[in-house]
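Here is the structure we will look at.
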Amino acid sequence: MPDKLKSPVKAALVVIGDEILSGRTKDANTATLALWLNEQGVRLDEVRVVPDVTERIVAAVNECRSRFRYVFTTGGIGPTHDDITADAIAKAFDVPLVDHPEAVRLLEAHYPKGTLPKPAGAWPVSPRVAH
């Protein structure tokens, strides 16, 4: 019987974005995350790429979190109308989105004064479980 303590901890990655699936944007995050996880003793065991569709994101996250100790997501967290990751993650975990003042401060420091995009609705927000 294998020693469970010696089994690698496994993780999954859900890459979110129509731009990845269409080829308009090249995924640069998978290799970076895999290398970093390896350094932490975690093996990236599965990668899924899903479109900017809430139901598809929710399904992928829920399927992965039922099988893996860690689930990471990339994509879909910007200020444009198709950036729905935060909403989808909140839905997957059945938690509300909450204001994230630290993220606002970071964004304001990044963008030149007066140029921070402001989409409709509250932003930036994060699912309560992400804090």
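Quick note on numbering: the sequence shown equals residues 1 to 131 in UniProt numbering. Ideal Cβ positions, reconstructed from N, Cα and C, are used throughout, including at glycine.
Close-in-space but distant-in-sequence residues of the same chain around residue i (CB under 6 angstroms, 5 per side omitted)
{"i": "residue 88", "result": "54, 57, 58"}
{"i": "residue 42", "result": "9, 11"}
{"i": "residue 20", "result": "27, 49"}
{"i": "residue 7", "result": "none"}
Residue i classed as buried or exposed, judged by whether at least 16 other C-beta atoms fall within 10 angstroms
{"i": "residue 90", "result": "buried"}
{"i": "residue 110", "result": "exposed"}
{"i": "residue 35", "result": "exposed"}
{"i": "residue 31", "result": "exposed"}
{"i": "residue 75", "result": "buried"}
{"i": "residue 101", "result": "exposed"}
{"i": "residue 106", "result": "exposed"}
{"i": "residue 23", "result": "exposed"}
{"i": "residue 17", "result": "buried"}
Simplified DSSP assignment, three categories, for residue i
{"i": "residue 113", "result": "coil"}
{"i": "residue 24", "result": "coil"}
{"i": "residue 131", "result": "Confidence at residue 131 is low in this model, with a pLDDT of 46, below 50, so the placement of that residue should be treated as unreliable; the coordinate-derived value is given next. Correct three-state label for residue 131: coil."}
{"i": "residue 68", "result": "coil"}
{"i": "residue 16", "result": "strand"}
{"i": "residue 83", "result": "coil"}
{"i": "residue 104", "result": "helix"}
{"i": "residue 95", "result": "coil"}
{"i": "residue 42", "result": "strand"}
{"i": "residue 50", "result": "strand"}
Own chain residues within Cβ distance below 8 angstroms of residue i, not counting five before or after
{"i": "residue 64", "result": "12, 14, 46, 48, 71"}
Cutoff 7 angstroms; reference residue i; Cβ partners in own chain excluding five residues on either side
{"i": "residue 44", "result": "11, 13, 33, 34, 37"}
{"i": "residue 94", "result": "none"}
{"i": "residue 83", "result": "76, 77"}
Decide yes or no for the touch test of the segment 67-77 against the segment 5-15: beta carbon pairs closer than 8 angstroms, at least 3 of them.
yes
Meets three-Cβ-pair contact criterion under 8 angstroms: the segment 46-53 and the segment 20-35:
yes
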